[in-house]
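*Asks:*
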Amino acid sequence: MKKQIVLATAGLALCWNVQAQTSADLNTKLQNGRLLLDQEKYALAMAELQPISSKVTGKNYAPDAAYLYSVAASRQKKWAEADKMLTQLTTEHTNWGGLADAQYLHGQVLFEKKEYLRALKALAVIDEKSMTDEVAAMKRHYMMLLTDKATFQYLMRQFPEDATLARAYADKLVGGWFTQQDRADLEALVRNFKLDRSYLDRSQNIKKDAYNVAVLLPFNVSDNTIKVDKKNLYLTDFYAGILSARDSLQRQGVRVNVFPYDVNNDTAQVRKVMTLPEMGTMDLVIGPIYKGNSAFAAKIAQQRNLNMVNPFSDDADIAKGNPYLFLMETSVATQGQRAAAYAYQTFPKKTAILVFDSEKNDTVFAGNFRRTYTALGGKVVNAQKINSKTSTNVAGVLGAVNLKDLGVLVVQSSNQAVATSTVSLLEQKAAKVPVIAPQSWLENPQISFSQLDFLEMYFPAPKFIDPENPAVQNFKRAYTSRYNLPPSAFTYTGFELLNYYGRSLQENGYSAPPKLSGVQPGAFYQGIGYEAGSGKQAQDNQYLPIVKVENGRLLVVNPVL
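Using numbering that gives the first Met the number 0, you'd call the opening residue of the sequence shown number 0 and step up by one each time.
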């Protein structure tokens, strides 16, 4: 009997030791996963934590492991994996101490997946009062990014008492969604959620005595006055053009106040400036100029109903999905479309050959040209990509082509050797086929104007300034007298930008997004306009001047009528 008791006791001790060892192993894996997460080794953290994330295998460590796994998955933007694990966690461990954090993270993951209804439901069950502000901020952030009005209205019906949703929807209405059919809904929102009565006024364009414009540029300020670093002299010219336009508008009775802010290529600095209380009084924000920061700042601008314009970028992607960000330039995509439309409408034969370089802008131009030309009824008989870094001779592409029967030849490459090779080939063939090529060919020292005059060459020239224009000559004299330097291309850009948007504010009043008109002549530019057809408003300049050499001078062949 004593022997049996001893054996039984030994068995219990052995069982306890096995359980203790198992618990230690689970804790070790959990801590390893936490360490890997801290070290930003997210894939390794997920691999370490996944085996102990369920009740069966992880026991009491499972909820912590599941949450850390979800954080690691989110950091890698693996939203599906994070969603699956958080669903398991919030379902199986309803009494876990960190449940509110898991629900909050789940809401973010679902928003990123654009599952708005599930996201709002996940956030609605959080009962941790200390997180109320954080939950509201998250909801507002993602709901302000929602671009589909019908979806927003559906969500409003599902959560009719959600004050954050109500205010966000009111902001979206006055920010550009509003139609007269929305008047009753907006009045109900103002009444039921005690919103400021100014919402009802803001549903109409607001006209002011003076308009405020913020200019965010990398001035590299060293004291309290705006002095531009010598490395950024083009910004000096650009900002001087803005000030010249301000003074010109003032003389015409249009008051525009310009407020400069020094912003380098630093996201934290951009956020600091864009969230200043005073930015809420701005009717337009010019800049920032760097692509990443421009898109980042525009997200904040969208949340604050601020209109922004990037002065230099020709990349339509940075404004995609954000109706508050505009480009002063004609994007490369639009250039391809406008060049195709001109070619189809102007040249009798409706066939084209495309030769384009492997650089991103060249492929974007060529792709948009091809799609537009084909959609209009033209035929692209050949589209050939080249790599000017390895070969610049286009004879291999065009040598066997009968150019006399071709409607238009498009050569999209800024490489100087490609330009000279093309011109030489055309001269040898005595070909008078219409050719569309980059504006940079006009500055190629190996190609003379007389050669281009002989050939039928057309050049898309987005920022063409006609030096013989009397307005250009008068401005150049006045500017040179004031600054002892002639204006540069950046000076004209700065002037045109503020002059166009300042006049638009004066004529239409402030609204977000702004109401911009169709193509009209600029002060110096050939044309500026944002109407994309069918009453739609584009986000980049829709007019593309196309120039041709005639009798030794450049003429615009598609002037604004």
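Note that beta-carbon positions come from the ideal geometry of N, C-alpha and C, so glycine has one too.
Just to confirm the assignment, what range does the beta strand (DSSP E) spanning GLN383 have?
*Replies:* GLN383 -> beta strand (DSSP E) spans 378 to 385.
*Asks:* ILE435 and VAL400: beta carbons closer than 8 Å?
*Replies:* Not closer than 8 Å, so no.
*Asks:* Leaving out five residues before and five after LEU553 in sequence, what residues of the same chain have Cβ atoms less than 6 Å from its Cβ?
*Replies:* Around LEU553: VAL546.
*Asks:* For MET84, which option in ALA61, ALA374, ASN94, ALA99 has the closest C-alpha, if you only look at C-alpha atoms?
*Replies:* It is ALA61 whose Cα lies nearest to the Cα of MET84.
*Asks:* Going by DSSP, what residues sit across from VAL407 in a beta bridge?
*Replies:* Bridge partners of VAL407: ALA351.
*Asks:* If you run the structure through DSSP and keep just helix, strand and coil, what is VAL284?
*Replies:* Strand.
*Asks:* Of all the alpha helix (DSSP H) runs that stay within the bounds of the stretch 69 to 111, which reach a length of 4 or more residues?
*Replies:* The stretch 69 to 111 contains these whole alpha helix (DSSP H) runs: 78 to 91, 98 to 111.
*Asks:* What are the start and end residues of the alpha helix (DSSP H) that includes GLU506?
*Replies:* That run of the alpha helix (DSSP H) goes 488 to 507.
*Asks:* What residue range does the alpha helix (DSSP H) around GLY366 cover?
*Replies:* Segment 359 to 375, the alpha helix (DSSP H) holding GLY366.
*Asks:* Could you tell me which whole alpha helix (DSSP H) segments of length 4 or greater appear in the stretch 231 to 275?
*Replies:* Those alpha helix (DSSP H) runs which fall completely within the stretch 231 to 275 and span 4+ residues are 232 to 250, 266 to 273.
*Asks:* Looking at the unbroken alpha helix (DSSP H) that takes in PRO512, where does it start and where does it end?
*Replies:* No alpha helix (DSSP H) holds PRO512; DSSP gives it neither H nor E.
*Asks:* Can you tell me where the alpha helix (DSSP H) holding ALA209 begins and where it ends?
*Replies:* Counting along the chain, ALA209 falls outside any alpha helix (DSSP H), though it belongs to the beta strand (DSSP E) covering 209 to 216.
*Asks:* Taking PRO217 as the reference, give the member of TYR198, ILE385, THR266, THR86 with the closest Cα.
*Replies:* Answer by Cα proximity: THR266.
*Asks:* Counting C-beta neighbours from all protein chains within 10 Å, is the total for LYS403 16 or more, i.e. buried, or is it exposed?
*Replies:* Exposed, since its Cβ has fewer than 16 Cβ neighbours within 10 Å.
*Asks:* Quick check on DSSP: helix, strand or coil for PRO459?
*Replies:* Strand.
*Asks:* If you draw a straight line from the C-alpha of VAL108 to the C-alpha of ALA65, how long is it?
*Replies:* Between VAL108 and ALA65, the C-alpha separation is close to 14 Å.
*Asks:* With distances taken Cα to Cα, identify the nearest neighbour of SER387 among ASP361, ASN381, ARG370.
*Replies:* Residue ASP361 is the option with its Cα nearest to SER387.
*Asks:* Return yes when the C-beta of GLN411 is under 7 Å from any heavy atom of the ligand NAD, and no when it is not.
*Replies:* Questions concerning the ligand NAD fall outside what the structure shown contains, since it holds no ligand whatsoever.
*Asks:* Could you pull the DSSP bridge partners for ASN309 from this structure?
*Replies:* DSSP lists LEU326 as partners of ASN309.
*Asks:* How big is the Cα-Cα spacing for GLY532 and VAL518?
*Replies:* Taking the straight line from one Cα to the other gives about 11 Å.
*Asks:* What is the DSSP secondary structure of GLU127, counted as helix, strand or coil?
*Replies:* Residue state, collapsed to three classes: coil.
*Asks:* Let me check understanding here. Comparing Cα to Cα, which of ALA460, SER69, LEU29 lies closest to THR629?
*Replies:* It is not possible to answer for residue 629, since the shown part of the chain is limited to 0 through 560.
*Asks:* Are there three or more Cβ pairs, one per stretch, closer than 8 Å when the stretch 305 to 313 is compared with the stretch 328 to 336?
*Replies:* The stretch 305 to 313, when compared against the stretch 328 to 336, does touch it at the 8 Å Cβ threshold.
*Asks:* Give the straight-line distance between the Cα atoms of THR131 and ASN94, rounded to the nearest whole angstrom.
*Replies:* So the alpha carbons of these two residues sit roughly 20 Å apart.
*Asks:* Between LEU185 and LEU199, which are expected to be in contact by the criterion C-beta below 8 Å, what is the C-beta distance as a whole number of angstroms?
*Replies:* About 7 Å separates the two Cβ atoms, so the contact holds.
*Asks:* Using 8 Å for Cβ pairs, my map puts ARG571 next to PHE192. What's the rounded Cβ distance?
*Replies:* What the structure shows of the chain is the stretch from 0 to 560, and residue 571 is not part of that stretch, so it cannot be assessed.
*Asks:* Output the distance between the C-alpha atoms of MET45 and GLY366, rounded to the nearest integer angstrom.
*Replies:* So the alpha carbons of these two residues sit roughly 41 Å apart.
*Asks:* So, for VAL555: in the same chain, excluding its five sequence neighbours on each side, which residues have a beta-carbon less than 6 Å away from its beta-carbon?
*Replies:* Answer for VAL555: GLN525, PRO544, VAL546, listed in chain order.
*Asks:* Could you give the DSSP three-state label for ARG196: helix, strand or coil?
*Replies:* It is coil, neither helix nor strand.
*Asks:* Could you tell me how far apart the beta carbons of VAL255 and VAL212 are, in whole angstroms, since I believe they sit closer than 8 Å?
*Replies:* With a Cβ gap of about 6 Å, VAL255 and VAL212 count as contacting.
*Asks:* Taking CB distances under 8 Å as the criterion, tell me whether GLU455 reaches chain D.
*Replies:* The structure shown contains no chain D; it holds only a single protein chain.
*Asks:* Return the CA-CA distance between PHE258 and ASP246, expressed in angstroms with no decimal places.
*Replies:* Those two C-alpha atoms are separated by around 14 Å.
*Asks:* Let me confirm a value: VAL227 is counted as buried when at least 16 other C-beta atoms fall within 10 Å, else exposed. Which label applies?
*Replies:* Because the pLDDT at VAL227 is just 42, under 50, the model does not fix this residue reliably, and the point stays unresolved.
*Asks:* DSSP beta-bridge partners for GLN519?
*Replies:* According to DSSP, which records beta bridges pairwise, GLN519 is partnered with ILE527.
*Asks:* Do you know whose CA, among GLY398, MET273, LEU441, ALA351, lies nearest GLY377's CA?
*Replies:* Per the Cα distances, ALA351.
*Asks:* On the three-state DSSP scale, how would you describe GLU549?
*Replies:* It is a strand residue.
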